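Accompanying notes for the structure given below.
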Amino acid sequence: MIDTQLWQQAAEDIFWYQAPSRVLDDSNPPFYRWYPDGVTNACFNALDLQIEQGRGEQVAIIYDSPVTASKQQITYAELLDRVARFAGALAARGVSSGDRVLVYMPMVPEAVIAMLACARIGAIHSVVFGGFASNELAVRIDDASPKVIVAASCGIEPSRLVPYKPLLDEAIELADHKPEACIIMQRPELAALLLPGRDVDWYEAEAEAEPAECVPVAANHPLYILYTSGTTGQPKGVVRDTGGSIVALKWSMPNIYNVAPGDVYWAASDVGWVVGHSYIVYAPLFNGNTTVIYEGKPVGTPDAGAFWRVVEEHQVKVMFTAPTAFRAIKKEDPQGDLLASYDISSLQSLFLAGERCDPNTLNWAMDKLGVPVIDHWWQTETGWPICSNCLGIELLPILPGSLARPVPGYNVQVLDSAGQQITDGSIGSLVVESPLPPGTFITLWNADDRFEQAYFSKFPGYYETGDAGFIDADGHVYVMSRTDDVINVAGHRLSTGALEEVLSAHPDVAECAVIGVADAIKGQLPLGLVVLNAGVVRDDTEIVAEIVASVRQQIGPVAAFRQCAVVERLPKTRSGKILRGTMHSMADGEPWKLPATIDDPLILDEISVTLQALGYPPGTDGLS
Ligand code: COA
Ligand code: AMP
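In UniProt numbering, the protein residues as written are 1 to 624.
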């Protein structure tokens, strides 16, 4: 049962040009619509409203970039000025309400400015993470068909510059859809060549633009599209609406994260991911906080004390990151010696999400930081937490491995494969009773059918999260694994289907499988197994090197795809389904049963030998 009173009250806390007369339209499930007749604007709520309420001189954004050795503070008033101008620059290029704008940028304030500028004029942004290569970018360009693309000339990784502009040019070449203009932010580290007639310089465009006012939009007008991995190679374009997002994100700040306007809030993620959209950009600004944009890594920029330096220097009150970042810090600074050299007394709590947090890492973080460490569960689809210890409501006991309880608005249950509710604490599919609360996805871009089919068809009346887990007798929720072919590499969600498409495209490959294998730092890493075409006489090492290079080129370095082996055959069921789950269990050293439907059990022995040669399960070859 949805608590309409809660969401009615929460809606009263935001600015509406026209307040909604109804909280929920549930006439067309699963296409529920929150605040159906409300009219608002996300940029107005993030900036103009804050300034009206007296926060003009408060710092809105702290940009801290160890990779460029630069720092900058931008007040709400300055941010509004830049956003309004950039919105004018977009409008001058024909962008109007409902048009899409693709943003391909690193962690710089301009990425946030571009997003808010779109929201200001009702344009729908689609931010693509900088670690994706041209092919992935091209797929997103074709799906979102942006009128304008906004990009930076380069990204900066600790070990190298990433030339974004050539990647963008190649993506536009590959895509069927062509943007009318590209606005390029030139960075001093690596300037890009601009294509006359299509490309314009960001700073020139911003300087000559007339500031644009906010365009009132319907509550259900899409705020953004954010692509995420699904089972197939075609990414899912998660669509978030405007009114529900403002209400839910603003509500979450005091209630889940326990932050008040004026507090410094830091989500150490990337604007290319959902955490970045919700908790680097929108929620902190809707709540009048100061948000930190950190262009660096947890380790290596320059060391494992980097996060603590940022906390001390900017007086961060609440921090949010992925467990993988903590595993990396723990590996470099196990005793917390670097941590001890900073004053982190401003820190009130740490939130973790994006992947399963192993109890070891959680305990280590809690012990070293001396503040509550909250593991909370959410997804690109939901946009904000499904389960969490809600610090602004009540601090529940912290149980390592558990995500505490469902957040108000989510009725989480565990179902068996027949759709029956499991109440004895055993593992099943984690689902959420429909309707989902405000701020969750309203559809998939250009794919209403896929939205219905992928998420609402298996268990009628419920949203299928794609995660498996259990709920204990006290109502604490545990997420254990995915139920589909999605893997989680350093908190980044990847589709094994998309990786397999690249492997199969190699001319010598007959068939292949990609599985996720456990990794001490990144949580999981992809591992490929390929069967070669009959008659191929080339050296396996050469073929594997080509495959590794093509994944890097087509998906991007973020896939961290380095492990691949040639095998004679892949294990399959009699109906021809590759037994990825069994191979995954073998690689991770988990107990597994010989599937009753297996075609030829001997193949598993061959796979076991190959996995051992690669070091799986860890310890079997004495190397890992
Ligand atoms: N643009 C271009 N390339 C990028 C990139 C970006 N924005 N982000 C990562 N990459 C590249 C890296 O340079 C690296 O390339 P390499 O193969 O040449 O070394 C590759 O993608 C993998 O990067 P990453 O996942 O960052 O691994 P890493 O080994 O460099 O660092 C960690 C390991 C744990 C420090 C890092 O993964 C991390 O900080 N993770 C936190 C993740 C996170 O915040 N997730 C958000 C979910 S809440
Ligand atoms: P993404 O959409 O990229 O945020 O990835 C969402 C997926 O990450 C979820 O479906 C889970 O599989 C996983 N995930 C996110 N947060 C957690 C968490 N706290 N514990 C376990 N898994 C998580």
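Don't be surprised by glycine CBs; every beta carbon is placed ideally from N, CA and C.
Given the structure is predicted, the values throughout are model-derived calculations rather than measurements.
Count the CB pairs spanning the region 234-243 and the region 507-518 that are closer than 8 Å, and state whether there are at least three.
The answer is no - the region 507-518 does not touch the region 234-243, with fewer than three Cβ pairs under 8 Å.
Taking one C-beta from the region 81-101 and one from the region 136-153 each time, how about it: are there three or more such pairs within less than 8 Å?
Flag = yes, the region 81-101 and the region 136-153 touch.
For residue 521, verify whether its CB is less than 7 Å away from any heavy atom of the ligand COA.
Residue 521: yes, Cβ under 7 Å from the ligand COA.
Kindly examine the ligand COA and report whether one of its heavy atoms sits closer than 7 Å to the Cβ of residue 498.
No, the ligand COA has no heavy atom inside 7 Å of this Cβ.
Could you pull the start and end residues of the beta strand (DSSP E) that residue 371 belongs to?
Premise fails: residue 371 is in no beta strand (DSSP E) and is neither H nor E.
Does the distance between the C-beta of residue 273 and the nearest non-hydrogen atom of the ligand COA fall short of 7 Å?
For the ligand COA, at least one heavy atom lies less than 7 Å from the Cβ of residue 273.
Going by other Cβ atoms of all chains shown within 10 Å of its Cβ, with 16 needed for buried, is residue 380 buried or exposed?
The residue in question, residue 380, is buried, as its Cβ has 16 or more Cβ neighbours within 10 Å.
How many Å lie between residue 356 and residue 196 at the Cα?
Computed Cα separation, rounded: 47 Å.
Can the beta-carbon of residue 7 be found closer than 8 Å to that of residue 385?
The answer is no: Cβ separation not under 8 Å.
Would you decide whether residue 420 is buried or exposed? Buried here means 16 or more other CB atoms lie within 10 Å of its CB.
Label assigned to residue 420: exposed.
Whole alpha helix (DSSP H) runs in the region 119-193 with 4 or more residues, listed along the chain?
The region 119-193 contains these whole alpha helix (DSSP H) runs: 134-144 and 164-174.
Could you tell me the alpha carbon to alpha carbon distance between residue 221 and residue 31, rounded to whole angstroms?
Each residue's alpha carbon lies about 14 Å from the other.
Please classify residue 279: is it buried, with 16 or more other beta-carbons within 10 angstroms of its beta-carbon, or exposed?
Buried.
With burial defined as no fewer than 16 other Cβ atoms inside 10 Å of the residue's Cβ, what is the status of residue 602: buried or exposed?
The residue is exposed, with fewer than 16 neighbouring Cβ atoms inside 10 Å.
Near residue 411, what residues of its chain come up, given a Cβ to Cβ distance below 6 Å and the 5 sequence neighbours on each side ignored?
These residues qualify, in order along the chain: 433.
Residues in its own chain within less than 6 Å of residue 37 by CB, not counting five upstream and five downstream?
Closer than 6 Å at Cβ, skipping near neighbours: 20 and 21.
Any idea if residue 621 is buried or exposed, counting beta-carbon neighbours within 10 angstroms, 16 or more meaning buried?
Any answer about residue 621 is weak, because its pLDDT of 45 lies below 50 and its placement is not dependable; what the coordinates show is given next. Label assigned to residue 621: exposed.
Are the CB atoms of residue 582 and residue 595 within a distance shorter than 8 Å?
Against a cut-off of 8 Å, the Cβ pair of residue 582 and residue 595 comes out as a contact.
Please tell me whether, using a cut-off of 7 Å, the distance from the CB of residue 568 to the nearest non-hydrogen atom of the ligand AMP is below it.
Residue 568: no, Cβ never under 7 Å from the ligand AMP.
Just checking residue 488 against the ligand AMP - is the residue's beta carbon closer than 7 Å to any of the ligand's heavy atoms?
Yes, since a heavy atom of the ligand AMP falls inside the 7 Å radius drawn around the Cβ of residue 488.
Assuming residue 292 and residue 266 make a contact with CB atoms under 8 Å, what is their CB distance in whole Å?
Their Cβ separation, rounded to whole angstroms, is 4 Å, which keeps residue 292 and residue 266 in contact under 8 Å.
By DSSP's criteria, residue 349 is part of a beta bridge. Which residues make up the other side?
Answer by DSSP bridge pairing, in chain order: 318.
What span of residues does the alpha helix (DSSP H) with residue 493 cover, start to end?
Where residue 493 is concerned, there is no enclosing alpha helix (DSSP H), although the beta strand (DSSP E) it sits in stretches over 492-495.
Please report the Cβ distance between residue 211 and residue 117, rounded to the nearest whole angstrom; I am assuming they are in contact, meaning their Cβ atoms lie under 8 Å.
10 Å between Cβ atoms; not a contact.
For residue 553 and residue 254, I'd like the C-alpha separation in whole angstroms.
Looking at the two C-alpha atoms, the distance is approximately 42 Å.
Mapping DSSP to helix, strand and coil, what is residue 214?
Note: residue 214 maps to coil in three-state DSSP.
For residue 36, list the residues DSSP reports as bridge partners.
Its beta-bridge partners do not exist; DSSP assigns none.
Tell me the DSSP secondary structure of residue 294 in three-state form.
In this structure, residue 294 counts as strand in the three-state DSSP scheme.
Check this for me: beta carbons of residue 309 and residue 227, under 8 Å apart or not?
No, these two residues do not count as a Cβ contact at 8 Å.
By the DSSP assignment, the alpha helix (DSSP H) with residue 560 in it spans what residues?
Segment: none, residue 560 is in no alpha helix (DSSP H) and carries neither H nor E.
Give me, in chain order, the residues of the same chain whose beta-carbon lies closer than 6 Å to that of residue 409; leave out the 5 immediate sequence neighbours on both sides.
Same-chain partners within the cutoff: 437.
May I ask you to report which of helix, strand or coil DSSP gives residue 45?
Here residue 45 sits in helix by DSSP.
Quick check: is any heavy atom of the ligand AMP less than 7 Å from the C-beta of residue 464?
No, Cβ of residue 464 sits at least 7 Å from all heavy atoms of the ligand AMP.
Applying the criterion that 16 or more other CB atoms from any shown protein chain within 10 Å of the CB defines a buried residue, is residue 119 buried or exposed?
Classification of residue 119: buried, given that the 10 Å Cβ count is 16 or more.
Mind listing, in chain order, the continuous beta strand (DSSP E) runs of no fewer than 3 residues lying wholly within the region 80-120?
Taking only runs of at least 3 residues, the beta strand (DSSP E) segments lying wholly in the region 80-120 are 100-104.
Let me check you understand the geometry: is the CB of residue 558 closer than 7 Å to at least one non-hydrogen atom of the ligand AMP?
Checking the Cβ of residue 558 against the ligand AMP gives no.
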